[in-house]
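Everything on this sheet refers to the single structure shown next.
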Amino acid sequence: MVTSFRAIVELVSDNSRIFTGESLHLRCSIPDIHGSNWSVEWFRGSEKLPETGENFKLWNANIKDSGKFSCQGARKTMIGIIRTLQSVPVEIDVDGGWAILKPPSRSTLVGDTLKLSCRFRGFPPIHETILYKDGIEVMRQIGQNVSFYFSNVTLADAGMYSCRVSWDVRRRTYSVTSVNTPVHILEVLSQPLLEIHADIKMFGAKKMKLICHVQYNARAPAPPVHYYFYKNNEQLGMAKSKNYDLVTKALGQYSCRVKVPQLDLVRRSKPSSFGEMPGKVNMKFSWFGKEELSSSTISHIILSLTLKE
1 MVTSFRAIVE LVSDNSRIFT GESLHLRCSI PDIHGSNWSV EWFRGSEKLP
51 ETGENFKLWN ANIKDSGKFS CQGARKTMIG IIRTLQSVPV EIDVDGGWAI
101 LKPPSRSTLV GDTLKLSCRF RGFPPIHETI LYKDGIEVMR QIGQNVSFYF
151 SNVTLADAGM YSCRVSWDVR RRTYSVTSVN TPVHILEVLS QPLLEIHADI
201 KMFGAKKMKL ICHVQYNARA PAPPVHYYFY KNNEQLGMAK SKNYDLVTKA
251 LGQYSCRVKV PQLDLVRRSK PSSFGEMPGK VNMKFSWFGK EELSSSTISH
301 IILSLTLKE
């Protein structure tokens, strides 16, 4: 038996990418408002691990320890064992090389300052660090500073990053390069996508549901979002706090607009047609031997007859 809530796995250590020989700490929590006692099961991929308990520690890590780690709560009851949903996994990479590029610990949004740091195994006298994006050098620093900063980032700053560090020992220069690390940049508010549901069984013959899908990534506490719906560029009613609206079924071009007043953000969806016949607008039909009608007009007539039933 499985509950409706999901376990949560948290990375307690600073880095999800570590060198071989290093250690790592994960913690699992169960969001049970009743405070029941849960045992914890740990997984790497689909493999159940022998470790149990709230805390999971990886000691003296090896490359083979890499993988996606998740946890799940379980407890015995009178009707059998109840389990939570398995947590969203945390991916752990154990690197056998000499350099690791450390990405941000949380998602980077458009407008943020992006910090990338090059970690090195040991403590050599580093004299130069180079940062690459998609294989092309973008920054170079002289000295011991191994951190790079990008202010006011845009979507164009996303890509595969790596770093190269160099140091001198006995008049010889040594260099090592990290593996590529993906860096993702998220929009605070993505472009909305309008979905139209006109199922007669669910909404009847005269109604349909407009749903405005959008990804909202503002930092907590996130300001409220306002949703607006349009038919043929004319607003349908007042702003909504929910991302849907039930409207009268009618032919036309529908769209939605999403606004976050406190952040001065506004995005609008592309228009979606309802009841039109794409690619056949110029076709002509004979209406009982009288004047020829366009397919668009025929669609209006058919829908009108449907609504009168």
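In terms of UniProt numbering, the sequence shown opens at residue 1 and continues consecutively. Positions of the beta carbon are idealized from the N, C-alpha and C atoms, including for glycine.
Determine the extent of the alpha helix (DSSP H) in which residue i is found, giving its start and end residues.
| i | result |
| --- | --- |
| Ile200 | Ile200 to Phe203 |
Considering just the uninterrupted stretch of the beta strand (DSSP E) at residue i, what are its terminal residues?
| i | result |
| --- | --- |
| Met238 | Segment: none, Met238 is in no beta strand (DSSP E) and carries neither H nor E. |
| Val110 | That residue, Val110, is in no beta strand (DSSP E); it is neither H nor E in DSSP. |
| Leu26 | Leu24 to Ser29 |
| Leu191 | Note that residue 191 is Gln in the sequence shown here, rather than Leu. From DSSP, Gln191 is part of no beta strand (DSSP E); its letter is neither H nor E. |
| Asn145 | From DSSP, Asn145 is part of no beta strand (DSSP E); its letter is neither H nor E. |
| His226 | His226 to Lys231 |
| His184 | Premise fails: His184 is in no beta strand (DSSP E) and is neither H nor E. |
| Pro89 | Here Pro89 belongs to no beta strand (DSSP E), and DSSP marks it neither H nor E. |
| His127 | Ile126 to Lys133 |
| Lys57 | Asn55 to Leu58 |
| Leu49 | Glu47 to Thr52 |
| Lys102 | Ala99 to Lys102 |
In this structure, how does DSSP classify residue i when only helix, strand and coil are distinguished?
| i | result |
| --- | --- |
| Lys64 | helix |
| Ala156 | helix |
| Leu210 | strand |
| Gln262 | helix |
| Arg219 | coil |
| Ala74 | strand |
| Val2 | strand |
| Arg171 | coil |
| Leu11 | strand |
Assuming residue i contacts residue j under a Cβ cut-off of 8 angstroms, what Cβ separation, rounded to an integer in Å, is found between them?
| i | j | result |
| --- | --- | --- |
| Lys57 | His34 | That pair is no contact at about 28 angstroms. |
| Arg83 | Asn37 | Between Asn37 and Arg83 the Cβ distance is about 14 angstroms, and since that is not below 8 angstroms, they are no contact. |
| Leu193 | Phe150 | Actually they are not in contact, since the Cβ atoms of Leu193 and Phe150 sit about 29 angstroms apart, beyond 8 angstroms. |
| Glu10 | Arg27 | 5 angstroms |
| Gly252 | Lys231 | 5 angstroms |
What separation, rounded to the nearest whole angstrom, lies between the Cα atoms of residue i and residue j?
| i | j | result |
| --- | --- | --- |
| Leu265 | Gly53 | 44 angstroms |
| Asp93 | Val2 | 30 angstroms |
| Ala218 | Leu189 | 8 angstroms |
| Pro223 | Lys102 | 30 angstroms |
| Met283 | Ser272 | Per-residue confidence for Met283 stands at a pLDDT of 41, beneath the threshold of 50, marking its modelled position as unreliable; the derived number appears in the next sentence. Those two C-alpha atoms are separated by around 21 angstroms. |
| Ile185 | Tyr161 | 13 angstroms |
| Asp32 | Tyr216 | 26 angstroms |
| Leu246 | Lys201 | 14 angstroms |
| Thr177 | Lys48 | 34 angstroms |
| Val12 | Leu155 | 29 angstroms |
| Gln235 | Phe229 | 6 angstroms |
| Leu210 | Val260 | 20 angstroms |
| Ile63 | Ser16 | 13 angstroms |
| Ile130 | Asn55 | 37 angstroms |
Around the C-beta of residue i, are 16 or more other C-beta atoms found within 10 angstroms, so that it is buried, or is it exposed?
| i | result |
| --- | --- |
| Phe43 | buried |
| Ala220 | exposed |
| Met208 | buried |
| Thr173 | exposed |
Can residue i be considered in contact with the ligand GDP, in the sense that its beta carbon sits closer than 8 angstroms to one or more heavy atoms?
| i | result |
| --- | --- |
| Lys102 | Annotation note on the ligand GDP: not contained in the displayed structure, which lists no ligands. |
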